[in-house]
Amino acid sequence: MSKILMKGNEAIGEGAIRAGCRHFFGYPITPQSELPHYLAKRMPEIGGVFLQAESEVSAINMVYGAAGAGMRVMTSSSSPGLSLMQEGISYLVGAELPCVIVNIMRGGPGLGNIAPAQSDYFQSTKGGGHGDYKLITLAPESVQEIIDLMAKAFDLGDQYRTPVMLLGDGILGQMMEPVELGEIQEVKQAAKPWAATGMRGRGKPNIINSLYIDPEDCENINKKLFAKYAQIAAKEQMWEEYQLEGAEIVLTAYGTAARICKSAVDKARAKGIKAGLIRPITLWPFPGSVIARAAETAKCFLTVEMSMGQMVEDVRLAVNGTCPVYFYGRTGGVVPLVSDVLAEIEKLVDGGDRE
Amino acid sequence: MMKKVFTRPKALTDKPFHYCPGCTHGIIHRLVAEVIDELGVADNTVGVCPVGCSVFAYNYFNVDMFQASHGRAPAVATGIKRSLPDRVVFTYQGDGDLASIGTAEIIHAAARSEKFTTIFVNNAVYGMTGGQMAPTTLLGQKTTTTPKGRDKEQAGFPVKVAEMLSTLDGAAYVARVSVHNPTHVNKAKKAIKKAFEVQISGQGFALVEVLSTCPTNWGMPPNEALKWLEENMIPYYPLGIYKEPAEVK
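Chains as they are written, first to last, in the working numbering: chain W, -15 to 339; chain H, 323 to 571.
Now the structure itself:
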């Protein structure tokens, strides 16, 4: 099949449809609007549901209804909208409902702006809502990788009965790239005997609920969730290694920042600097194992983010003092330049003591 | 052999209600369950319960149930009904849930003419959290957050939900009923049945506001609470059918 040119936001929509998603609920916000535009046209063509909700709060609760009814369902928003969805996400986690939530991040805090940022890493990976929980968070770096990860996102959600976050930024959502969509395949979906669909002869009601009034019951639910998280952490870490062979300066970055870092690594290598990159694809579960391994031989790490430094805390935990971890970031919608990152790498050539 | 003249509706479980003595939630639960039985739709019904005193309604209705976050039951019901359009979907919500934190959700569900049924229980007070002022608390009514009585200068006016929603083109059936005596309990059941029939026949959004008592937080015995409802709530919240599709008139 030939390649076609697609915007990242549209690719999320098409990828979701190809993954068997037939229900979308969302509220307009820049810079993710092309996704609802796309699905408003596409869903009716395939007998799916597109509904513009009255708010992000309503959208995530519509997702709760559709997910509890057993559907593959998605919502999308951008940073401030995700803040509004956090209570609903916590309920989805508590009721163990699978769904896919897209965040095309923009500058913050507050109204911030509509320019690309990566400052919702903490909110996405550390449990942005109330209660103890984790969210599987996938961070593609290209339009093609969006297409490739959408089916994975829905499959992981169903397999572990958990919401899954697709985390991108305004650049990823807005840019057009050639993609190979592949053949439309029939999607095999696991049965959901727990779904509340009307009993229909089942003889016993199914209840979608996150209320456990007895503290010990509630503690046990938390333990059950964390047993599941331990399984996910052991089995589902995804990352890309780029020029990591013999790397003395190991960059870590995800999404758009990782693409900038790849160019900086290429330029550094051309200058004879042994630089490489680890690009986490799952931000949670965080691929700490590969980072710990790389730390055994690296002289230092440099984490690059479009934030004031959030993922760098996970990198430091993984490196665990084996070598220094440095940070370079631009934020508020400012995107680092390849030359900026290269300059940071060059400062670290002699082992990273920048004092 | 004795003839059985009164029994528990099949759409209720045998779990004892947790409601306070004299609270009319039990009557309203029973009416909804009787209607589900009479329409023969229990196996095809999905209910959504709120945050508030009826948060545990999923233990009492013998149908598939969702527990929704505070005020969001209409959004959850929208997600369910849009996923399973041939099922019977209802929400059961109190006044704090529906008329305060959940105003956006109920207004837009009605405006979109979502084909589900809402049972809105108005007892003019927050019950579960300790008797605070509700959006429907009457002027002068004492609550734990209006200890000298609700003052319009400080706390504004009560919200009339049935009147407000009946202005929306998407609302197909809107009625206000009461359960303070047997005559009105029977009228309430008729309205609830109609609200389910309007949904089943695909005519759009249907809501029944049910005036209800809260003896515990009103600070009065159940019989006085019923009298207080009749004498104070009904004059401010007039009973009747506010909106009805032409086809079912």
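Here a beta-carbon is modelled for each residue, glycine too, at the ideal position from N, C-alpha and C.
Check                                                                                                                                                                                  : Outcome
Of the residues H/Pro372, H/Lys325, H/Phe339 and H/Asn384, which one's Cα is nearest the Cα of W/Met183?                                                                               : H/Asn384
Any idea if W/Phe34 is buried or exposed, counting beta-carbon neighbours within 10 angstroms, 16 or more meaning buried?                                                              : buried
Taking only the alpha-carbon atoms, compute the straight-line gap between H/Ala513 and H/Ser523 and give it to the nearest angstrom.                                                   : 15 Å
Could you name the residues of the same chain whose beta carbon sits closer than 7 Å to that of W/Ala242, not counting the 5 residues immediately before and after it, in chain order? : Glu125, Leu261 and Arg263
When you compare the CB of W/Glu71 with every CB in chain H, is at least one pair closer than 7 Å?                                                                                     : yes
Closer than 8 Å, Cβ to Cβ, to anything on chain W: give me those residues from the stretch 408 to 423 of chain H, in chain order.                                                      : Arg409 and Val410
Closest Cβ-Cβ distance between H/Ser435 and chain C: below 7 Å?                                                                                                                        : The chain inventory of the structure shown lacks chain C, comprising the protein chains W and H.
Helix, strand or coil for W/His21? Go by DSSP, reduced to three states.                                                                                                                : helix
How is W/Arg56 classed by DSSP in three states: helix, strand or coil?                                                                                                                 : coil
So the candidates are W/Asp250, W/Thr281, W/Ile192 and W/Glu200; which of them puts its Cα closest to the Cα of W/Gly230?                                                              : W/Thr281
Are H/Ala484 and H/Tyr564 closer than 7 Å when you measure CB to CB?                                                                                                                   : yes
How would you call H/Glu553, buried or exposed, if buried means at least 16 neighbouring beta carbons within 10 angstroms?                                                             : exposed
Taking just the CA atoms, how far does H/Glu519 sit from H/Thr367?                                                                                                                     : 13 Å
In whole angstroms, what is the alpha-carbon distance linking H/Ala379 and H/Ile441?                                                                                                   : 12 Å
Let me know if W/Leu140 comes out buried or exposed under the rule of 16 or more other beta-carbons within 10 Å of its beta-carbon.                                                    : buried
Just to confirm, is the Cβ distance from W/Met46 to H/Gly401 under 7 Å?                                                                                                                : yes
Tell me which same chain residues have a C-beta within less than 7 Å of the C-beta of W/Lys246, skipping the five on either side of it?                                                : Tyr226 and Leu261
Listing by chain order, which chain W residues have their CB less than 8 Å from the CB of H/Glu360?                                                                                    : The contacting residues do not exist; H/Glu360 stays about 17 Å from chain W at best.
By the criterion of Cβ-Cβ separation under 7 Å, what are the contact partners of W/Leu68 in chain H?                                                                                   : Neighbours of W/Leu68 on chain H: none; closest Cβ ~11 Å, over 7 Å.
Kindly list, in the order they appear in chain H, the residues whose Cβ is closer than 9 Å to that of W/Met183.                                                                        : Ala364, Asp365, Asn366, Thr367, Asn384, Val385 and Asp386
Under DSSP, the alpha helix (DSSP H) around W/Pro64 begins and ends at which residues?                                                                                                 : Ser63 to Gly78
Using 10 angstroms around the beta-carbon of W/Gln169, count the other beta-carbons present and answer buried if the total reaches 16, otherwise exposed.                              : exposed
Could you please tell me which residues of the stretch 496 to 513 of chain H, in chain order, have their CB closer than 8 Å to any CB of chain W?                                      : none
I need the DSSP call for W/Val234, collapsed to helix, strand or coil.                                                                                                                 : strand
So who's on the other strand from W/Pro264, going by DSSP bridges?                                                                                                                     : W/Trp223
Does DSSP put H/Phe438 in a helix, a strand or coil?                                                                                                                                   : coil
Can you confirm whether W/Ile191, when its beta carbon is compared against all beta carbons of chain H, has any partner nearer than 7 Å?                                               : yes
Verify whether the separation of the beta carbon atoms of H/Ala431 and H/Pro396 is less than 7 Å.                                                                                      : yes
Any C-beta of chain H sitting closer than 7 Å to the C-beta of W/Asn97?                                                                                                                : no
In chain order, what residues of the same chain have a beta carbon less than 7 Å from the beta carbon of H/Lys511, not counting five sequence neighbours either side?                  : Leu353, Glu356 and Val357
In the DSSP assignment, find the unbroken beta strand (DSSP E) run with W/Asn87 in it and report its ends.                                                                             : Cys83 to Met89
Assign H/Val327 to one of two classes, buried (16 or more other C-beta atoms within 10 Å of its C-beta) or exposed (fewer than that).                                                  : exposed
Just checking my contact of W/Ile233 with W/Leu286 at CB under 8 Å: how many whole Å lie between their CB atoms?                                                                       : 6 Å
Could you tell me the distance, in whole angstroms, from the CA atom of W/Lys251 to the CA atom of W/Lys110?                                                                           : 34 Å
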